[in-house]
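A.B. asks:
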Ligand SMILES: [Zn+2]
Ligand SMILES: [Zn+2]
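Numbering (our numbering), first residue to last: 249 to 423.
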């Protein structure tokens, strides 16, 4: 994998621009977290790192194509990613404990920006929070698991139809 820890001490005042397209940046954590998301055209990120008074302004854009499962029917659906992001990383105080939130790592007294963590986080944020293959996706039958977009299953035919409920009510009254 390309080096994704940027030494901040060596950063010029104009900052730094990076283009990242090593797919392992995304395929690695996707596998690690067991996420059901497949990359269908390569992901890439363009990043600029700008040193400011108390930290670093990280701006960029992430793009590519993936498929994710529909939230209701679990069928894979294509998602085109094209997201801009902006993030400010505070320079950690001299004696600060690492807080896990910061993307700035200290090692042997030198500060590094963990660009791999940033592009992974931005990738996750760019994914749709509630992916639906279509707005009116009917989802899966809770009884038999059939995909209701492909037609009614035997169990939903009875319970799902309000007219059938009326008929059932009539039957009860007759008894
Ligand atoms: Zn669906
Ligand atoms: Zn069913």
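Where a beta carbon is used, it is the ideal one built from N, C-alpha and C, also for glycine.
Kindly indicate which three-state DSSP category residue 252 falls into: helix, strand or coil?
C.D. replies: Coil at residue 252, not helix or strand.
A.B. asks: Let me know the secondary structure DSSP gives residue 422 once reduced to three states.
C.D. replies: In this predicted model, residue 422 has a pLDDT of only 45, less than 50, meaning its place in the structure is not dependable enough to derive any value.
A.B. asks: Pick out whichever of 313, 349 and 387 has its Cα sitting closest to the Cα of residue 369.
C.D. replies: Ranking the options by Cα distance to residue 369, first place goes to 349.
A.B. asks: Please classify residue 288: is it buried, with 16 or more other beta-carbons within 10 angstroms of its beta-carbon, or exposed?
C.D. replies: Looking at its Cβ environment, which holds fewer than 16 other Cβ atoms inside 10 Å, residue 288 is exposed.
A.B. asks: Bridge partners of residue 295, per DSSP?
C.D. replies: Residue 295 is bridged to 266 and 308.
A.B. asks: So residue 337 and residue 306 are supposed to be a Cβ contact under 8 Å. How far apart are they, rounded?
C.D. replies: About 6 Å; that satisfies the 8 Å criterion.
A.B. asks: Would you kindly work out how many angstroms separate the C-alpha atoms of residue 299 and residue 341, rounded to a whole number?
C.D. replies: Taking the straight line from one Cα to the other gives about 16 Å.
A.B. asks: Note down, in chain order, each residue of its chain lying with its Cβ closer than 8 Å to the Cβ of residue 253, except the 5 sequence neighbours on either side.
C.D. replies: The answer, listed in chain order, is 353, 360, 361, 362, 363 and 364.
A.B. asks: Can you list the residues near ligand 1, meaning Cβ strictly closer than 5 Å to any non-hydrogen atom, in the order they appear in the chain?
C.D. replies: The filter returns 318, 320, 321, 381 and 385, in chain order.
A.B. asks: Tell me which residues share the same chain as residue 391 and place their Cβ nearer than 6 Å to its Cβ, disregarding the 5 neighbours each side in the sequence.
C.D. replies: Taken in chain order, the residues that qualify are 403.
A.B. asks: Between which residues of its own chain and residue 260 is the CB-CB distance below 7 Å, once the five residues before and five after are set aside?
C.D. replies: Here the set comprises nothing.
A.B. asks: Can you have a look at residue 293 and say buried or exposed, based on whether 16 or more other CB atoms are within 10 angstroms of its CB?
C.D. replies: Its Cβ being crowded by 16 or more others within 10 Å, residue 293 is buried.
A.B. asks: Figure out for me which residue from 257, 351 and 319 has the closest Cα to the Cα of residue 395.
C.D. replies: Of the listed residues, the one whose Cα sits closest to residue 395 is 319.
A.B. asks: Checking 8 Å against the spacing of the C-beta atoms, do residue 278 and residue 367 come in under that value?
C.D. replies: No, the pair does not count as a contact, with Cβ atoms beyond the cut-off.
A.B. asks: Just mark residue 258 as buried or exposed, buried being the case when its beta carbon has 16 or more other beta carbons within 10 Å.
C.D. replies: So residue 258 counts as exposed.
A.B. asks: Would residue 282 be called buried (16 or more neighbouring beta carbons within 10 Å of its own) or exposed?
C.D. replies: Burial call: exposed.
A.B. asks: For residue 357, count neighbouring Cβ atoms within 10 angstroms of its own Cβ and tell me buried if that reaches 16, exposed if not.
C.D. replies: Per the 10 Å Cβ criterion, exposed.
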